[in-house]
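Notes follow once the structure below has been shown.
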Amino acid sequence: MNTDATQQAPATGWWTEAVIYQVYPRSFADSNGDGIGDLPGITARLDHLAELGVDAIWLSPFYPSPQADAGYDVADYRDVDPLFGTLADADRMISEAKARGLRVIVDLVPNHTSSAHRWFTAAVAAAPGSPERQRYVIRDGKGPAGAEPPNDWESVFGGPAWTRLPDGQWYLHLFDTGQPDLNWDNPEVREEFLDVLRFWLDRGVDGFRVDVAHGLIKQADLADWQEPQEILSGQEADKPRPPMWDQDGVHEVYREWRRLLDSYPGQRVLVAEAWVEPAERLARYVRPDEMHQAFNFEYLMAAWTAPAQYAVITRSLEATDAVGAPTTWVLSNHDVVRHASRLGLSTEGGRMNGIGVDDPQPDVALGLRRARAASLLMLALPGSAYLYQGEELGLPEHTTLPDEARQDPTWERSGHTQRGRDGCRVPIPWEADAPSYGFGPTDASWLPQPPVWAEYALDRQRGVPGSTYELYRTALRLRREHALARGPMRFLSSGDEVLTFTNGDLTVLTNFGATPVPLPADATVLASSAPLDGSAVPTDVTVWWV
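Under the numbering used here, think of the first position of the sequence shown as 1214, with each following residue one higher.
What follows is the structure, encoded as structure tokens:
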């Protein structure tokens, strides 16, 4: 079906309005005291998510894995790693979530497997040209005796994207060496993942977040790419599209997946992690016969200024409206610096990938103030919103994490030039005075937690007026009551310092400028990200009123 030519009718379904909460299983809740979060721990904390007011949870991978990339190197797509529990634990977690009205989305990693996957071990043992090797992107090298890689591609994590096998051929890994890229031109690969989808759909999951959704298909000639390797493709329209990202063939894969999901009851969904710009290119992933949602990374990375926010919101809505899909909004996840720290840096190109003790440090108070304002702005926008675990507590990045504690492969593969993503993955605090701040029953924690975590613990914020947790609860309740996810939205002002819009019967104002902005005399304030200055909105504050 060609859906590019005409405006599409708006999609309907639970996902078009949902607030979805990302659970990073390693760092959410540890039930057995080994320092690693697990599925029983998640189940035990589901009441928190129901109380918070989210509609669904998305879990990062919990499959068997050597953990070369924190589980995004999957060795078996149909089981649970003993680190996290068992299949029975997964079934119970899904059942308990549904009993609380929470839908469950699980991560799927189709661009690559683990090097420990049975397919890859068979490929290494097999001969060049064998069916086993056809499941992966394995090629002869260049130069004398094939001693040079097949092309000049680099890994997203740093270093070359090719590793040589003992018999002289090379395998592609756009990420870690332990993550060999699959060959999606092979029908066997496509059929295998359809079966994986069925396995989890039959267990009751409500959908899949698809990792590196724009990376499955590579340009057929594997042409050299002279530009630096970046996972976000297509930022400049006058440059050629990278041969490893956002190839048109990925859409055929997702149309087949969509047909499968549509054959199941209960509105199952596909969510694309597609680092693609511009917005019009990203919208191709959410055409009516493809995925249901795609993460809006352009919004996540937008500068904290009124013009930048206005531009990205406008572009996003126009692009998704054209294909009838909901726009998604997201400020933090497990791959980027938490926005409570990111927004405490200069608005000129804040760091996205890790902050270390020797780097310029964010302004903690400013970061939290802006993060609260940004979150209240985001939750007033029509469409679907994603929250990352701990942001409802105002958690900052752990910026003083000891280098010897870092586990993200980016740290080693970049030659210690990139701090990696560990700082946003530190286990979250539940109870200020408990071992590991309530993360688990012992002091064990797979990444060290900073002492400041006590200040952010849930039990220090629950029921406290003005706390970040209560701000989120209020915003999520009002979002439902005023049907903000449905719109309609209309901008009232979009100057250099103030952004104002209406959404249904509610008016939203964010003040990016230095001067307080007075509210209308008859305004009834429903929510404010920080105290008002009398009847005026101070700098870096968002307010909702009717």
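The beta carbon of each residue, even a glycine, is placed where N, CA and C say it ideally should be.
Is the CB-CB distance between F1652 and P1640 below 8 angstroms?
Position 439 of the sequence shown holds residue 1652. Position 427 of the sequence shown holds residue 1640. Going by C-beta atoms, F1652 is nearer than 8 angstroms to P1640.
Three-state class that DSSP yields for F1510 in the structure shown:
Translated into the one-based positions of the sequence shown, residue 1510 becomes position 297. Reduced to three states, the DSSP call for F1510 is helix.
Which residues mark the beginning and the end of the beta strand (DSSP E) in which T1715 is found?
Taking the sequence shown and counting its residues from 1, one reaches residue 1715 at position 502. Segment 1711 to 1716, the beta strand (DSSP E) holding T1715.
So G1354 packs on P1362, CB below 8 angstroms; how close in whole Å?
As a first step, residue 1354 is located in the sequence shown; it is residue number 141 there, counting from the start. As a first step, residue 1362 is located in the sequence shown; it is residue number 149 there, counting from the start. With a Cβ gap of about 6 angstroms, G1354 and P1362 count as contacting.
Continuous alpha helix (DSSP H) stretch holding D1415: start and end:
For this step, residue 1415 is matched to residue 202 along the sequence shown. Element bounds for D1415: 1400 to 1415.
Is the separation between the beta-carbon of I1270 and that of V1484 shorter than 8 angstroms?
In the sequence shown, the residue the question calls residue 1270 occupies position 57. In the sequence shown, the residue the question calls residue 1484 occupies position 271. No, the pair does not count as a contact, with Cβ atoms beyond the cut-off.
Quick one: measure Cβ to Cβ for Q1674 and P1501, integer angstroms, because I've assumed they're closer than 8 angstroms.
Taking the sequence shown and counting its residues from 1, the one referred to as residue 1674 is at position 461. Taking the sequence shown and counting its residues from 1, the one referred to as residue 1501 is at position 288. The beta carbons of Q1674 and P1501 sit about 41 angstroms from each other, so the pair does not count as a contact at 8 angstroms.
Could you name the residues of the same chain whose beta carbon sits closer than 6 angstroms to that of S1741, not counting the 5 residues immediately before and after it, in chain order?
For the purposes of this step, residue 1741 is taken as residue 528 along the sequence shown, with counting starting at 1. Here the set comprises V1756.
Best match in Y1290, L1739, P1379 for proximity to V1402 [C-alpha to C-alpha]:
As a working mapping, residue 1402 is identified with position 189 in the sequence shown. For the residues Y1290, L1739, P1379, the minimum Cα distance to V1402 belongs to Y1290.
Quick one: Cα of S1707 to Cα of T1713, how far?
Residue mapping note: residue 1707 aligns to position 494 of the sequence shown, counting from 1. Residue mapping note: residue 1713 aligns to position 500 of the sequence shown, counting from 1. Taking the straight line from one Cα to the other gives about 7 angstroms.
Is the CB-CB distance between D1286 and P1253 below 8 angstroms?
Position 73 of the sequence shown holds residue 1286. Position 40 of the sequence shown holds residue 1253. In this structure, P1253 does not lie closer than 8 angstroms to D1286 by Cβ.
Is there contact between the region 1547 to 1556 and the region 1572 to 1581, where contact requires at least three CB pairs shorter than 8 angstroms?
Segments in contact, yes.
Beta-carbon spacing of P1609, S1554 below 8 angstroms
One-based indexing of the sequence shown puts residue 1609 at position 396. One-based indexing of the sequence shown puts residue 1554 at position 341. In this structure, S1554 lies closer than 8 angstroms to P1609 by Cβ.
Neighbourhood of L1689 by C-beta distance below 8 angstroms, restricted to the same chain and skipping five residues each side:
For the purposes of this step, residue 1689 is identified with residue 476 of the sequence shown, where counting begins at 1. Closer than 8 angstroms at Cβ, skipping near neighbours: V1232, L1265, G1266, V1267, L1592.
In its own chain, which residues sit with a C-beta less than 6 angstroms from the C-beta of V1570, not counting the 5 before and 5 after it?
Numbered from its first residue, the sequence shown carries residue 1570 at position 357. The residues are T1613.
Could you check which residue in P1731, R1583, E1604, G1700 has the C-alpha nearest to that of F1725?
Position 512 of the sequence shown holds residue 1725. Considering only alpha carbons, the answer is R1583.
Which of the three DSSP states, helix, strand or coil, is assigned to L1272?
Against the sequence shown, residue 1272 aligns to sequence position 59. In the three-state scheme derived from DSSP, where H, G and I count as helix and E and B as strand, L1272 is classed as strand.
Proximity winner among W1458, R1699, R1331, relative to A1224 (alpha-carbon distances)
By 1-based counting over the sequence shown, the position of residue 1224 is 11. Ranking W1458, R1699, R1331 by CA distance to the CA of A1224 puts R1699 first.
Buried or exposed: which applies to M1214, given that a residue is buried once 16 or more other Cβ atoms fall within 10 Å of its Cβ?
In the sequence shown, residue 1214 corresponds to position 1, counting from 1. Annotation note: pLDDT 36 at M1214 (below 50); position unreliable, coordinate value reported separately. With fewer than 16 other Cβ atoms within 10 Å, it is exposed.
Inter-residue Cα distance where the pair is G1607 and N1546:
To locate residue 1607, count along the sequence shown from 1; it is residue 394. To locate residue 1546, count along the sequence shown from 1; it is residue 333. Approximately 13 angstroms between the Cα atoms of the pair.
To the nearest angstrom, how far is the alpha carbon of N1245 from that of V1236?
On the sequence shown, position 32 is the one that residue 1245 refers to. On the sequence shown, position 23 is the one that residue 1236 refers to. The alpha-carbon atoms of N1245 and V1236 are separated by roughly 18 angstroms.
Using the rule of at least 16 other Cβ atoms within 10 Å of the residue's Cβ for burial, across every protein chain shown, is F1241 buried or exposed?
In the sequence shown, counting from the first residue as 1, residue 1241 sits at position 28. Under this definition F1241 is a buried residue.
Within the same chain, show all residues whose beta-carbon is closer than 8 angstroms to that of E1469, passing over the 5 residues directly before and after it, in chain order.
Residue 1469 sits at position 256 when you count from the first residue of the sequence shown. For E1469, where only same-chain residues beyond five positions count, the Cβ hits under 8 angstroms are R1403, L1407.
Determine, using beta carbons only, whether V1536 and Y1512 come nearer to each other than 8 angstroms.
Along the sequence shown, one-based indexing puts residue 1536 at 323. Along the sequence shown, one-based indexing puts residue 1512 at 299. Not a contact, by the Cβ cut-off of 8 angstroms.
Could you say which of L1556, T1737, A1339, S1597 lies nearest to A1586 if we only look at CA atoms?
As a position in the sequence shown, residue 1586 is number 373, starting the count at 1. Of the candidates L1556, T1737, A1339, S1597, the one whose C-alpha sits nearest the C-alpha of A1586 is L1556.
Need the endpoints of the alpha helix (DSSP H) that W1666 sits in, please.
Taking the sequence shown and counting its residues from 1, the one referred to as residue 1666 is at position 453. Run containing W1666: 1666 to 1669, per the alpha helix (DSSP H) assignment.
Unbroken beta strand (DSSP E) runs of length 3 or more, entirely within the region 1513 to 1561: which are they?
Counting whole runs of 3 or more residues, the region 1513 to 1561 contains the beta strand (DSSP E) stretches 1541 to 1543.
Whole-angstrom distance between H1611 and S1627, CA atom to CA atom:
The residue given as residue 1627 occupies position 414 in the sequence shown. The residue given as residue 1611 occupies position 398 in the sequence shown. The alpha-carbon atoms of S1627 and H1611 are separated by roughly 20 angstroms.
Rounded straight-line distance, which links the Cα of Q1280 to that of A1329
Locating residue 1329 in the sequence shown gives position 116, where the first residue counts as 1. Locating residue 1280 in the sequence shown gives position 67, where the first residue counts as 1. Taking the straight line from one Cα to the other gives about 10 angstroms.
Helix, strand or coil for A1222 per DSSP?
Residue 1222 sits at position 9 when you count from the first residue of the sequence shown. It is coil, neither helix nor strand.
Taking DSSP's pairing of strands, which residues face P1731 in a bridge?
Position 518 of the sequence shown, counted from the first residue, corresponds to residue 1731. P1731 pairs with A1749.
Based on DSSP bridge pairs, tell me the residues matched to R1352.
Start at 1 with the first residue of the sequence shown, and residue 1352 comes out as number 139. Partner(s): W1383.
What is the rounded straight-line gap between the Cα of F1510 and the Cα of A1358?
Counting from one through the sequence shown, the residue named residue 1510 turns up at place 297. Counting from one through the sequence shown, the residue named residue 1358 turns up at place 145. Approximately 43 angstroms, taken between the alpha carbons.
Helix, strand or coil at G1420 according to DSSP, with G and I counted as helix
Here residue 1420 corresponds to residue number 207 of the sequence shown, with the count starting at 1. Three-state DSSP puts G1420 in a strand.
Look at the alpha carbon of A1516 and the alpha carbon of I1526, and state the distance between them as a whole number of angstroms.
In the sequence shown, residue 1516 corresponds to position 303, counting from 1. In the sequence shown, residue 1526 corresponds to position 313, counting from 1. The C-alpha of A1516 lies about 12 angstroms from the C-alpha of I1526.
Hey, is Q1674's beta-carbon within less than 8 angstroms of any beta-carbon in chain B?
Among the protein chains of the structure shown there is no chain B, as only one such chain exists.
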